[in-house]
Each structure stands twice: as C-alpha cells, then as structure tokens.
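Q: Okay, here's the structure, questions in a sec.
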Amino acid sequence: MEKELLDHLMTFNRRRFFSKLSLGLGSAALGSLLIPDLFSKNSDSDDPDFIPGTPHFAPKAKRVIYLFQNGAPSQLETFDYKPKLRELFGKDLPPSVRGGQRLTGFTATQTSLPLAGSFVDFKQYGQSRAWVSDLLPHMANIVDDLCIVKSMHTEAINHDPAITFFQTGAQQGNRPSMGSWLSYGLGNENKNLPNFTVLISRGKGNSQGVYSKLWSNGFLDSIHQGVQFSKGEDPVLYLRDPEGMDRQSRRKMLDRLAEMNQLAYEEVHDPEINAKIKQYEMAYRMQTAVPEITDLSKEPDDIIKLYGSDCLIPGTFAANCLLARKLSENGVRFVQLYHQGWDQHVNLPEEITGQTKDVDQASAALVTDLKQRGLLDETLVIWGGEFGRTCFSQGKLTKEKYGRDHHPRSFTIWMAGGGIKPGMVYGETDEFGYNTIANPVHVHDFQATVLHQLGLNHEKLVFKHLGRRYRLTDVSGKVVRDILA
563 MEKELLDHLM TFNRRRFFSK LSLGLGSAAL GSLLIPDLFS KNSDSDDPDF
613 IPGTPHFAPK AKRVIYLFQN GAPSQLETFD YKPKLRELFG KDLPPSVRGG
663 QRLTGFTATQ TSLPLAGSFV DFKQYGQSRA WVSDLLPHMA NIVDDLCIVK
713 SMHTEAINHD PAITFFQTGA QQGNRPSMGS WLSYGLGNEN KNLPNFTVLI
763 SRGKGNSQGV YSKLWSNGFL DSIHQGVQFS KGEDPVLYLR DPEGMDRQSR
813 RKMLDRLAEM NQLAYEEVHD PEINAKIKQY EMAYRMQTAV PEITDLSKEP
863 DDIIKLYGSD CLIPGTFAAN CLLARKLSEN GVRFVQLYHQ GWDQHVNLPE
913 EITGQTKDVD QASAALVTDL KQRGLLDETL VIWGGEFGRT CFSQGKLTKE
963 KYGRDHHPRS FTIWMAGGGI KPGMVYGETD EFGYNTIANP VHVHDFQATV
1013 LHQLGLNHEK LVFKHLGRRY RLTDVSGKVV RDILA
C-alpha cells in the first residue's frame, strides 16, 4: 500500500501540479468576480451557509423601486370604494365598529365622529374589475398590472414611528432600512453606482418631514447606507473633485489614503475602516457614472410624453420616477422615492386632488416604461404610505370640505412586477373601511414578502449586534404567498 502511494506521488510532477492548481485558481477567480464577497468572513449571520451578496434561493426580482407616499394617502379617495359612507353621511361611527380602538390626539376629544363619504366617484377597471378613484385615471389604465392590497395594517398611529416602521421594521430609529438590508443580503450589481439611492419630492399639501434615519445603515457597514440624490446642480453632494485637483491627482490621493487606512485596519481590526475605503472608491467611480445617469434631457419624446412634462423639472415626482427607472436599469438594487404632502387633516378634497395629480401619471408611466423595456418582471414596484385615513371626519364636515385623521387599522398599497400576481385585489375591509375582514397583511408580512421576492429568507437574513440577533421583520412576519405569481 505504501509503495502504491509513493508511486502515485512520484507521478504527480511539477507540471501536473501547476496544471491542476491553475484550474482551481481560475474557478476561484471566476467565483470572486461573480460573487465579490465569496471569500469574506461572515460571523454576523445565524446561517453558516449564508454569504453576504448571495440570495438564499432563486429570486423572482432583482431590484425594488419604492414610491413612498409620505403622510398617508386616504384609501377612501383612491382604491377602497365605500358607497355606504355616502348613504350614512354625517351620522356617527357606530361604537361597535370602532371597538374601543385608540384615536390620535386630533380626534380623541371630538364629541362625535361623523362619517364622511368620499367627494370623488369610483369606477371599475380592467379584467380584475378593481375599483379606482376618478382622481387616478392613469393608474386605472394599468390596473391589470397591479396587485392592490386593501388590508394593510400597522401598530403605529403617528407619522414618524409609522414611516420608520415601514422602512426599518422598528418604530424607533437606529435600525438598518429595507434598502440597507437588501444591499447587505444581495451585494452590488453595478460597481459604479451605490446599491441604495434615495430621491425626495414635495407636493403642495401639508408635508411630513423625512429624515436620514429612514435610509440609515444602522449597525450594518456604512457602505450599505442609502445615498440621497438632490435636485441641485450636484445630484450627489461632495462628489466633484476640489478646485485645482485633476483625476490623476485624486487617484493618487485615494491610493495613499487606502494604504494608510489598511495600516490602521491591521492595527485595530475595525471593519468600518474597510467600509470607508469602499466608500471612497465608490465616490471616485460615481464621478463618471452619476452625471450621465441623472441627465434626463436625452430621453426620447415618447418617454417625456409618457411621464409628463414635469419629468424635465429636477426634483419633481415625475423626474424622480424617470430617474428611478434609469438607476434601476443600471443595477441599483433599491431606489427609494419619498413624495411629501399627503397629511390631509382639514381640507382633504382640495389637497388630495393636487397630490394625485402630482403622482398619478408618473407612477403609471414607471410601470408601463419598465414593462415595455422587459424590466418589470425583474423589478418590484411598490406604491403606498405609512397608514390610512379614518372613515369619519376630523373637525367640521361638509360635502365640499372635510379632513381625515390617521388610521392604522386598514389601508391600501399596491405592488407591481417582481413576481407579484398582476390584476389582483387582495384583502377586504368592512363597509365603513374601518376594519379588515379578510386577508390582513401586517407591515412585517409585507417586508417578508418583499425580501422573499428578492431571494432572501427574512428569518435567515440576520445580523448579530450587541449580543442580539436582528432582522428586518424583528420576530414576526410571514410571506403573503397568495399574491405571488
């Protein structure tokens, strides 16, 4: 036996050794190109087989564009048709319907809660026969591409915790946002652009603020933080070279800085040092990529017509939708839009008319544009706010003027593309639009479903921090399989 082993080893000569070694190195090199973090150590996940930058299973979608309607649009003037409210106009909400559920400070002291039927008419559209408000004619035309979820619910009753809950899975700050989790879980698709970008527009109504904590990386590496694009001359601040510095000088400076940071890392082993090196390199590459991506003037006339003329005005919702398409098709994993102005407590009819005019055409155009480019199947588009609006009026009620308070118990969002069933209406509320009576969907269920469509198991996408295992869906959430294609 020993002689056979010795003979075998003798035949394994130098040439054969290097021949076999080259095959192994080639495979390793190819793997590292396809999966940049293939050989990185990951001690922060509960799943020993999970490698950051790779999905748990085959994804249905590659990217997300989230059209967040900040301030909470009223479902009763958009997608949840309730003719009963018109019949009972001005009558008090029955106590049996409310069931002792809490109210905000705006209406808790009201002596009555008068029911307010919608000022706007609804019609049914598409093969799904979905009810859509007359305020949304463009969305009505694409209703067979949408999955309208009418049974969303949340715990938060005020804006800041409710928005933070949707974006980070917790009502308090300092947690990674959904875009950061996706960046961590899936890695980068385009080395010249960030994984996660943020675009903000503002309507004419009462605007709730948006804060950087909503696109924070939390306890994840800072390379996963959302990068905000602005409407100014410099879409990304501090990206240009300082006056007097050329590209060659910038390259040399970054190389020397990387060397010093590497020395510091070898001494203290702080992973944030490596994250900073990656950020500097990303900023350098973005100097070329960002100006080209953000230039919308070269879009053809048919695309300008599709989105509307406002898409040529930087900072508008329409311009941000068009830019979102360009970012997404160039490999940005998560594009987050915030459109402010939906907090309509007093004069809802006038304010929501302006808001829907801002977003209707461009939202529908984005879905249509992605579809005609063959990108909708791999891009998940989401539209909705942080909670809904009450079926009763806040303050004085007339048929021409009324307001609606915050309502977390039932509200509507829609999703399109990315492996979600098109032409579907999911969930149902009671005749008052107050309680969900079929197929409730919690915020964590929604988050689990989004991660699932991108090939991530929400229970396994875990990061250990300060002795606790954190995930986007905290300790709950289930994938809503009924809406999956």
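The numbering used here numbers the first residue of the sequence shown as 563 and each following residue consecutively.
All residues carry an ideal CB built from backbone N, CA and C; glycine is no exception.
1) Would you call the region 1022-1031 and the region 723-731 touching, i.e. three or more CB-CB distances under 8 angstroms?
2) Among the candidates His1004, Tyr1032 and Ala1010, whose CA atom is the shortest distance from the CA of Ala724?
3) Write down the C-beta distance between Gly615 and Leu761 rounded to the nearest angstrom, noting that I regard them as a contact closer than 8 angstroms.
4) How many Å lie between Gly652 and Val659 at the Cα?
5) Do Thr640 and Leu677 come within 8 angstroms of each other at the CB atom, strictly closer than that value?
6) Who are the near neighbours of Ser739 in its chain, counting only those whose CB is closer than 7 angstroms to its CB and skipping five residues on each side?
7) Give me, in chain order, the residues of the same chain whose beta-carbon lies closer than 7 angstroms to that of Asn836; leave out the 5 immediate sequence neighbours on both sides.
8) How many angstroms separate the CA atom of Thr666 from the CA atom of Pro656?
9) Identify every run of the beta strand (DSSP E) within the region 748-797, keeping only runs that are complete inside it and at least 3 residues long; order them along the chain.
10) Mind checking whether Leu1046 and Leu629 have CB atoms under 8 angstroms apart?
11) Give the straight-line distance between the Cα atoms of Val897 and Ser890, rounded to the nearest whole angstrom.
12) Identify, in the order they occur along the chain, each residue of the same chain with its Cβ nearer than 6 angstroms to the Cβ of Tyr869, setting aside the five sequence neighbours on each side.
13) Tell me where the alpha helix (DSSP H) around Ser890 begins and ends.
14) Which residues bound the alpha helix (DSSP H) around His721?
15) CB-CB under 6 angstroms to Leu587, same chain, minus the five flanking residues each way: which ones, in chain order?
16) Less than 8 angstroms between C-beta atoms, sequence neighbours within five positions excluded: which residues of the same chain meet that for His700?
17) Does Asp1050 pass the burial test, meaning 16 or more other C-beta atoms within 10 Å, or should it be called exposed?
18) Along the alpha helix (DSSP H) that carries His1061, what are the first and last residues, could you check?
19) Taking the straight line between their C-alpha atoms, what separation do you get for Gly950 and His901?
20) Let me know the secondary structure DSSP gives Gln639 once reduced to three states.
21) Since Gly1017 contacts Pro621 with CB under 8 angstroms, what's their CB separation in whole angstroms?
22) Alpha carbon to alpha carbon, how far is Glu990 from Asn1001? Give it in angstroms, no decimals.
23) Identify whether Ala692 lies in helix, strand or coil by the three-state DSSP scheme.
24) Can you tell me which residues form a DSSP beta bridge with Phe619?
25) Look at the Cβ atom of Leu744, then the Cβ atom of Arg966, and state whether they are nearer than 8 angstroms.
26) Based on DSSP bridge pairs, tell me the residues matched to Cys709.
27) Can you have a look at Gln631 and say buried or exposed, based on whether 16 or more other CB atoms are within 10 angstroms of its CB?
28) Please state the DSSP three-state secondary structure of Asp832.
29) Which residues in the same chain have their Cβ closer than 7 angstroms to the Cβ of Phe954, if we skip the five residues on either side of it in sequence?
30) Given this structure, state the Cα-to-Cα distance separating Pro970 from Asn892, to the nearest angstrom.
31) Would you check if the distance between the CB atom of Ala692 and the CB atom of Thr941 is smaller than 8 angstroms?
32) For Tyr773, count neighbouring C-beta atoms within 10 Å of its own C-beta (all shown protein chains included) and say buried if the count is 16 or more, exposed if not.
33) DSSP puts Tyr1032 in a beta bridge; with which residues?
34) Would you call His831 buried or exposed, if buried means 16 or more other Cβ atoms sit within 10 Å of its Cβ?
35) Between Val929 and Ile704, is the Cβ-Cβ spacing less than 8 angstroms?
36) Under a Cβ-count criterion, where at least 16 other Cβ atoms within 10 Å of its own Cβ denotes burial, should Asn882 be classed as buried or exposed?
A: To lay it out plainly:
1) no
2) His1004
3) With 8 angstroms as the limit, Gly615 and Leu761 do not qualify as a contact, their Cβ atoms being about 25 angstroms apart.
4) 16 angstroms
5) no
6) Gln729, Thr730, Leu776, Trp777, Ser778 and Gly788
7) Tyr827
8) 18 angstroms
9) 758-764 and 789-791
10) no
11) 7 angstroms
12) Ala880, Leu884, Ala924 and Ala927
13) Phe879 to Glu891
14) His721 to Thr730
15) The predicted model places Leu587 with a pLDDT of 49, which falls under 50 and marks its position as unreliable, so this point remains unresolved.
16) Asp922, Gln923, Ser925, Ala926 and Ala927
17) In the structure displayed, the chain extends from 563 to 1047; residue 1050 sits before or after that span and is not available.
18) Any question about residue 1061 goes unanswered here, given that the chain covers just 563 to 1047.
19) 16 angstroms
20) The residue you asked about is not Gln; residue 639 is Glu in the sequence shown. It is helical.
21) 3 angstroms
22) 7 angstroms
23) strand
24) Note: Phe619 sits in no beta bridge, so no partner.
25) no
26) Met977 and Met986
27) buried
28) coil
29) Leu655, Leu675, Pro676, Leu677 and Ala678
30) 36 angstroms
31) no
32) exposed
33) Phe1025
34) exposed
35) yes
36) buried
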